[in-house]
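Following: one structure in structure tokens, then a few remarks.
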Amino acid sequence: MALLSETSAATLSNEEILRYSRHLIMPEVTMEGQKKLKAARVLCVGTGGLGSPLALYLAAAGVGTLGLVDFDVVDYTNLQRQVLHYTSDVGRLKLDSAIDKLNAINPFVEIKRFDTYLNSQNALEIFSGFDIIADGTDNFATRYLVNDACVLSGKPNVYASIFRFEGQASIFATEAGPCYRCLYPEPPPPGLVPSCAEGGVLGVLPGLLGVIQATEVIKMILGVGEPLIGRLVLVDALAMRFRELRVRKNPECPVCGANPTVKELIDYNQFCGIRGEEGEAQTNVKIPEIQPEELKRRLDAQEDIFVLDVREPHEYQIVNIGGYLIPLGDLPKRVHELDSSREIVVHCKSGARSAKAVDFLRQSGFKHATNLTGGILAWAERIDTSLPKY
Amino acid sequence: MSIKILIPTPLRPYAGKQSIIEVTAQTVDEALSDLVAQHPDLRKHLFSDDGKLRSFVNVYLNDEDIRYLGKGATPVKETDIVSIVPSVAGGVRP
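Residue numbers (numbering that gives the first Met the number 0), protein chains in the order written: chain A, 0 to 389; chain B, 0 to 93.
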């Protein structure tokens, strides 16, 4: 790797020597290694669950230049795992919040801020100022973008992904090693893979995986140990088991193979499909909807409306509006419990699952099924503000 | 013979919430067939309509990707572990 040509240019002040003393006395680091760290330029894409521990440890370790890419704002649901951000940061730009903390941990780190979301137009230019890229965004569109941009610009891609209590990590797009597309040539179609917003995530899990990313970045800069290249580490935090699978470079890989078909960045949102996430109105025009205000008015008027809740039982325990509970996945086998002659209003958390339920019910002969717009979140926001949101 | 298949978290709801399922098979294909016979809800998550393994689902025999062994025809032996490793993405889209 043609990293760090300016190694010799980096010098350490007495204050820095004291700060890094536990590194300097290790034979694997020494003054030379610490200067390599100072000369290194690492880009963290995202400052969320994975990006928090990643950036915190890279800053503490003395990586000289740290780039941060984020456009998001801190919200309350982030705080359970995104340890760069504090309660008082809710509503602030994640970048502002992150830079405050990283400067406080190590003022010797130069931070470059990119207040944008990474896309095909800006990725190569942003990457050009860095030696190693670490993707902490954990979504398919950015993952394939980072992968392809790393292959095209010849920079290693330190990868991790998490779901509930499981995670995976590897290094892609090194000269000799495989890239993410060697492992998975194509993303899944939209809707088949749940996100953490739908499936949840154990708060410490991105901590584990983000620290694995930071470890691999630092090893690569130092040139020590066995890098996580050609190996996929699988972490199961529930069983606390780490497994390792082999990842081979695919000679027919569309981006890093012998005859690549992807020679420039493409439209990754299109490539990955526009995901119908929770919170996004999956505006299938055929699904009839009812506004929370309308439902409230009609329920108050004692109209005969059957409210069906298609969330999971543990979500029902968090908050409910007295609906009849049949989780979406159980609906086909429990549909006989419903009366097709009655008007049925279906809701979930924010409207995506219930839209699928209404679609299914209508196809099954329930002509009077409608979807509650915005789900129980909209109800809690607009009708009964005493209800908790989650 | 009887071998174990490891089911990843995202697919456990379609496999009776189990993490390990025992199947009877001589090859990887037979192992997956027995798996979806036991848990029919898994089928559409593993195979496309034409019966091919989906491109975002990788299958490993022990630590090796079956694409670099004999694919579905790869023979299995007692003590082998088949892992299903789908691509995952926990974060929100941009």
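Even glycine gets a Cβ: it sits at the ideal position worked out from N, Cα and C.
Would a check of beta-carbon distances place S416(A) closer than 9 Å to chain B?
The structure shown does not extend to residue 416(A), since chain A spans only 0 to 389, so no value can be given for it.
Does any C-beta atom of chain B lie closer than 9 Å to the C-beta of G373(A)?
As a first step, residue 373(A) is located in the first sequence; it is residue number 374 there, counting from the start. Not an interface residue.
Between the stretch 254-270 of chain A and the stretch 352-359 of chain A, do at least 3 Cβ pairs fall closer than 8 Å?
no
For a quick check, are the C-beta atoms of I320(A) and D308(A) less than 9 Å apart?
Taking the first sequence and counting its residues from 1, one reaches residue 320(A) at position 321. Taking the first sequence and counting its residues from 1, one reaches residue 308(A) at position 309. Yes, Cβ-Cβ distance for I320(A) and D308(A) is below 9 Å.
Please list the residues of the stretch 0-16 of chain B that have a C-beta atom closer than 9 Å to any C-beta atom in chain A, keeping them in chain order.
L5, P7, T8, P9, P12, Y13
Which residues in the same chain as R274(A) place their Cβ atom closer than 6 Å to its Cβ, once the five residues preceding and following it in sequence are excluded?
Taking the first sequence and counting its residues from 1, the one referred to as residue 274(A) is at position 275. Low local confidence applies: a pLDDT of 43 at R274(A) is under 50, so the model's placement there is unreliable, and no value is given.
Nearest to G66(A) (by Cα), restricted to the options F113(A), K388(A), A168(A), G47(A)
Numbered from 1 along the first sequence, position 67 holds the residue referred to as residue 66(A). F113(A) is the residue among F113(A), K388(A), A168(A), G47(A) whose C-alpha sits nearest the C-alpha of G66(A).
Say whether the stretch 145-162 of chain A touches the stretch 78-92 of chain B, bearing in mind that this needs 3 or more beta-carbon pairs closer than 8 Å, one atom from each stretch.
yes
Is it the case that the Cβ atoms of V91(B) and T26(B) are separated by a distance below 9 Å?
Taking the first residue of the second sequence as position 1, residue 91(B) is located at position 92. Taking the first residue of the second sequence as position 1, residue 26(B) is located at position 27. Contact: no.
Beta-bridge pairing of E165(A) - partner residues as DSSP gives them:
The residue given as residue 165(A) occupies position 166 in the first sequence. Beta-bridge pairing links E165(A) to F162(A), D235(A).
With a threshold of 9 Å between beta carbons, is G90(B) in contact with chain A?
Counting from 1 along the second sequence, the entry for residue 90(B) is found at position 91. G90(B) counts as touching chain A.
Rounded to whole angstroms, how far is the Cβ of T141(A) from the Cβ of D147(A), which I believe are closer than 8 Å?
What you label residue 141(A) is simply residue 142 of the first sequence in a count that begins at 1. What you label residue 147(A) is simply residue 148 of the first sequence in a count that begins at 1. Not a contact, Cβ separation roughly 11 Å.
In the DSSP assignment, what are the bridge partners of I20(B)?
As a position in the second sequence, residue 20(B) is number 21, starting the count at 1. Bridge partners of I20(B): I4(B).
Looking at the structure shown, is H38(B) part of a helix, part of a strand, or coil, going by DSSP?
The sequence position of residue 38(B) within the second sequence is 39, counting from 1. Collapsing the DSSP output to three states places H38(B) in coil.
Select from Q212(A), C252(A), L144(A) the residue whose C-alpha is nearest the C-alpha of L233(A).
Here residue 233(A) is taken as the residue at index 234 of the first sequence, counted from 1. Of the candidates Q212(A), C252(A), L144(A), the one whose C-alpha sits nearest the C-alpha of L233(A) is Q212(A).
To the nearest whole angstrom, what separates the beta carbons of I170(A) and E215(A), a pair I think is in contact under 8 Å?
Within the first sequence, residue 170(A) is the residue found at index 171, counting from 1. Within the first sequence, residue 215(A) is the residue found at index 216, counting from 1. Confirmed, about 6 Å.
List the residues of chain B that P184(A) touches, going by C-beta distances under 7 Å, in chain order.
Taking the first residue of the first sequence as 1, we reach residue 184(A) at position 185. Simply S54.
Would you call G128(A) buried or exposed, if buried means 16 or more other Cβ atoms sit within 10 Å of its Cβ?
Stepping through the first sequence from its first residue, residue 128(A) is reached at position 129. Looking at its Cβ environment, which holds fewer than 16 other Cβ atoms inside 10 Å, G128(A) is exposed.
Between T58(A) and V108(A), which are expected to be in contact by the criterion C-beta below 8 Å, what is the C-beta distance as a whole number of angstroms?
On the first sequence, position 59 is the one that residue 58(A) refers to. On the first sequence, position 109 is the one that residue 108(A) refers to. Position check: residue 58(A) holds Ala in this sequence, whereas Thr was assumed. That belief holds up - the Cβ atoms of A58(A) and V108(A) are roughly 5 Å apart, short of 8 Å.
Measuring straight from C-alpha to C-alpha, what distance separates G278(A) and R310(A)?
Looking up residue 278(A) in the first sequence gives position 279. Looking up residue 310(A) in the first sequence gives position 311. Per-residue confidence for G278(A) stands at a pLDDT of 38, beneath the threshold of 50, marking its modelled position as unreliable; no derived number is given.
Kindly identify the DSSP beta-bridge partner or partners of N370(A).
For the purposes of this step, residue 370(A) is taken as residue 371 along the first sequence, with counting starting at 1. Bridge partners of N370(A): E288(A), V345(A).
Within the present structure, is the beta-carbon of V72(A) separated from the nearest heavy atom of the ligand ATP by less than 8 Å?
As far as ligands go, the structure on display features none, and thus does not contain the ligand ATP.
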